[in-house]
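S.K.:
Numbering (the working numbering), first residue to last: 339 to 415.
(1) Considering only heavy atoms of the ligand GTP, does any lie closer than 7 Å to the CB of residue 387?
(2) Determine whether the beta carbon atoms of residue 314 and residue 392 lie at a separation below 8 Å.
(3) Taking a contact to mean a Cβ-Cβ separation below 8 Å, would you say residue 376 touches residue 388 in this structure?
(4) On a Cα-Cα basis, can you pick out the residue from 365, 398 and 383 that is closest to residue 357?
(5) For residue 401, is the classification buried or exposed, using 16 other Cβ atoms within 10 angstroms of its Cβ as the cut-off for buried?
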């Protein structure tokens with residue numbers, strides 16, 4: 339059985355949050371306000387097509403998991 343926090347179930351985390359971290363943490367933030375501003379700016383620059391692709395991958399993983407009936411399914415993706 340695949341764990342819920344497996345990368346098979348988290349393409350949104352790995353794809354979108356990875357992109358966000360690259361932009362937000364290029365250099366240390368001076369304070370919380372600067373960090374908040376970077377997060378807002380970064381989220382506004384992520385294209386909808388990237389979000390759609392990540393959620394489509396997530397949906398495919400969930401469907402494959404259901405078909406595999408709680409068995410390993412990585413080889414089916």
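Heads up, the beta-carbon is just placed ideally off N, CA and C, and yes, glycines get one too.
M.R.: Once the coordinates are examined:
(1) With respect to small molecules bound, the structure shown includes none, and the ligand GTP cannot be examined in it.
(2) The structure shown does not extend to residue 314, since the chain is modelled only from 339 through 415, so no value can be given for it.
(3) Residue numbering aside, residue 376 sits at position 38 when the chain shown is read from its first letter. Residue numbering aside, residue 388 sits at position 50 when the chain shown is read from its first letter. No.
(4) By 1-based counting over the chain shown, the position of residue 357 is 19. Here the closest residue by C-alpha is 383.
(5) In the chain shown, counting from the first residue as 1, residue 401 sits at position 63. Residue 401 should be labelled exposed.
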